[in-house]
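**Q**
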Amino acid sequence: MFHGFVTSWPPADQGIPGTDRSVPPLLHSGRPRTPAAVTVGTLGELPLPFTLSHAAAVLPALRRDGTARGPLVASALVAGSFSPDMTYFAATAFPGAMVLGDVTHSPVGIVTADVLITAALVALWLTVREPLVALLPERWRGRVHGLVRGRPWRERHPAALVGWFCLSAILGATTHVVWDSFTHLDRWGTRAIPFLGEVVAGFPVYLYAQYGGSALALGILAWCTARALRTSPPGVGLPSRVPVPGRRGRLLAAGLIGGCVLGGVAHRVLRWAAYWGWDRIETPLDVIPTACFGAGAGLAVGLVLYGTGARLLGSRRARTAPATPTHQEPAHRDLPGPGPRPERSRPGSR
1 MFHGFVTSWP
11 PADQGIPGTD
21 RSVPPLLHSG
31 RPRTPAAVTV
41 GTLGELPLPF
51 TLSHAAAVLP
61 ALRRDGTARG
71 PLVASALVAG
81 SFSPDMTYFA
91 ATAFPGAMVL
101 GDVTHSPVGI
111 VTADVLITAA
121 LVALWLTVRE
131 PLVALLPERW
141 RGRVHGLVRG
151 RPWRERHPAA
161 LVGWFCLSAI
171 LGATTHVVWD
181 SFTHLDRWGT
191 RAIPFLGEVV
201 AGFPVYLYAQ
211 YGGSALALGI
221 LAWCTARALR
231 TSPPGVGLPS
241 RVPVPGRRGR
251 LLAAGLIGGC
261 VLGGVAHRVL
271 RWAAYWGWDR
281 IETPLDVIPT
291 ACFGAGAGLA
301 VGLVLYGTGA
311 RLLGSRRART
321 APATPTHQEP
331 AHRDLPGPGP
341 RPERSRPGSR
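Per the numbering used here, the very first residue in the sequence shown carries number 1; after that it's consecutive.
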């Protein structure tokens with residue numbers, strides 16, 4: 001008997017007029033259909049590999065220092081590997097966005113919508129990058145900043161940069177869609193390998209591939225990141241316009257970001273339960289995707305609020321602070337004193 005897993009679009013979040021909630025729709029390439037049999041359990045959201053794990057697929061295109069190989073753009077490669085799933089996170093605030101997942105996971109979507117989503121993700125990254133690095137302990141700050149800063153964009157011709165950015169985004173999104181094709185019901189990968197649809201210990205093999213592959217990929221990402229940090233040079237200091245918070249500031253930032261994450265999880269799970277009911281939860285797998293999508297959406301909101309606030313605060317302090325006399329040492333070791341002109345914090349890296 002086939003084991004069915006369901007998507008939350010649209011019934012888990014919105015509901016379909018005239019449908020029977022007691023019989024959830026079966027996931028079929030991201031589209032609901034009436035199941036022939038649903039016997040073991042259901043997932044309240046679209047079951048996916050953990051989205052961040054998709055970055056492991058673009059590691060071969062990245063050097064150990066965090067830059068991309070050849071003329072590719074590292075940030076676009078990584079963000080592109082996330083882009084097809086972003087509509088599922090956006091559904092936390094806009095439930096109808098779930099249906100757009102069919103577009104972002106299609107060949108046409110890879111070269112259109114996913115490129116635009118990648119550009120938005122990179123813009124977000126460039127906004128929060130230095131403020132996030134500023135939260136790290138001082139001994140790690142320079143190395144991490146040097147690793148994530150990458151190659152300055154201003155050294156590249158604008159037209160060439162745009163072209164390679166788009167190509168990098170397409171490559172990243174392609175790895176995502178190919179990966180998903182082997183971990184989702186009735187995609188071309190699972191159709192080509194029927195064994196992936198076989199049920200083992202109550203779950204289809206492709207579900208083991210989803211969660212097992214995600215865990216393995218996260219481990220690879222952690223190992224590669226740790227190795228890169230160990231071998232990276234001390235790096236460069238943060239731009240003067242990025243404030244380095246003290247202990248209280250770090251606690252406030254953690255509270256803001258953590259609160260947004262918890263709020264996103266609560267909102268998404270409660271909305272799921274309001275439709276399906278708490279008795280629908282049979283195993284933790286039933287709500288893990290729901291919680292992850294809510295957490296990701298809340299994290300994005302928290303990062304935008306913190307990153308934007310930190311940059312505005314830094315700009316305000318830079319405008320109001322008196323000029324430092326040339327014979328004095330700088331007030332903070334992360335702020336530039338006499339010497340070379342500090343680097344600007346601008347969207348010009350990787």
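Backbone N, C-alpha and C define an ideal beta-carbon position, used for all residues, glycine too.
Going by beta-carbon coordinates alone, are Leu77 and Gly146 separated by less than 8 Å?
**A** In this structure, the beta-carbon distance from Leu77 to Gly146 does not fall below 8 Å.
**Q** What is the rounded straight-line gap between the Cα of Leu72 and the Cα of Trp164?
**A** 6 Å
**Q** Give me whichever residues DSSP pairs with Leu62 in a beta bridge.
**A** In the DSSP output, where bridge partners are listed per residue, Leu62 has Ala68.
**Q** Roughly how far, in whole angstroms, is the beta-carbon of Val103 from the beta-carbon of Ala113, given that I think they are within contact range, below 8 Å?
**A** 6 Å
**Q** With distance defined between alpha-carbon atoms, name the residue in Phe203, Gly307, His157, Gly296 nearest to Leu52.
**A** The shortest C-alpha separation from Leu52 is found at Gly296.
**Q** Where in the region 220 to 299 do unbroken runs of the alpha helix (DSSP H), each at least 4 residues long, occur, reported from the N-terminal end onward?
**A** 247 to 276
**Q** Please state if the CB of Phe89 and the CB of Leu121 are separated by a distance shorter than 8 Å.
**A** no
**Q** Go through its chain and collect everything with a Cβ distance to Arg250's Cβ below 7 Å, but skip five positions before and after it.
**A** Leu135
**Q** Hey, how far is the Cα of Gly213 from the Cα of Gly80?
**A** The alpha-carbon of Gly213 is positioned some 19 Å away from that of Gly80.
**Q** Which residue from Pro137, Phe94, Pro107, Thr231 puts its Cα closest to that of Ser181?
**A** The residue from Pro137, Phe94, Pro107, Thr231 with its alpha-carbon nearest to that of Ser181 is Pro107.
**Q** Kindly indicate the opening and closing residues of the alpha helix (DSSP H) around Thr174.
**A** 158 to 181
**Q** Under a three-way DSSP split, which group does Val355 fall into?
**A** Nothing can be reported for residue 355: it is not among the residues displayed for the chain, which extend from 1 to 350.
**Q** Quick one: give me the first and last residue of the alpha helix (DSSP H) that Arg129 is part of.
**A** 113 to 133
**Q** Along the chain, where does the alpha helix (DSSP H) that runs through His54 open and close?
**A** For His54, there is no enclosing alpha helix (DSSP H), as DSSP gives it neither H nor E.
**Q** Gly298 and Val261: beta carbons closer than 8 Å?
**A** yes
**Q** On the three-state DSSP scale, how would you describe Pro137?
**A** coil
**Q** Would the beta-carbon of Ile257 fall within 8 Å of that of Leu303?
**A** A contact, by the Cβ cut-off of 8 Å.
**Q** Does the Cβ of His157 have 16 or more other Cβ atoms within 10 Å, making it buried, or fewer, making it exposed?
**A** When all chains shown are included, His157 counts as exposed.
**Q** Mapping the DSSP letters down to three states, classify Phe5 as helix, strand or coil.
**A** With a pLDDT of 37 at Phe5, under the threshold of 50, the modelled position of that residue is not reliable, and the figure given next carries that caveat. In this structure, Phe5 counts as coil in the three-state DSSP scheme.
**Q** What separation, rounded to the nearest whole angstrom, lies between the Cα atoms of Pro284 and Trp278?
**A** 12 Å
**Q** In the DSSP assignment, find the unbroken alpha helix (DSSP H) run with Phe89 in it and report its ends.
**A** Note, Phe89: alpha helix (DSSP H), 86 to 90.
**Q** Taking the continuous alpha helix (DSSP H) assigned at Asp102, which residues delimit it?
**A** 101 to 104
**Q** Alpha carbon to alpha carbon, what distance is there between Val200 and Thr231?
**A** 43 Å
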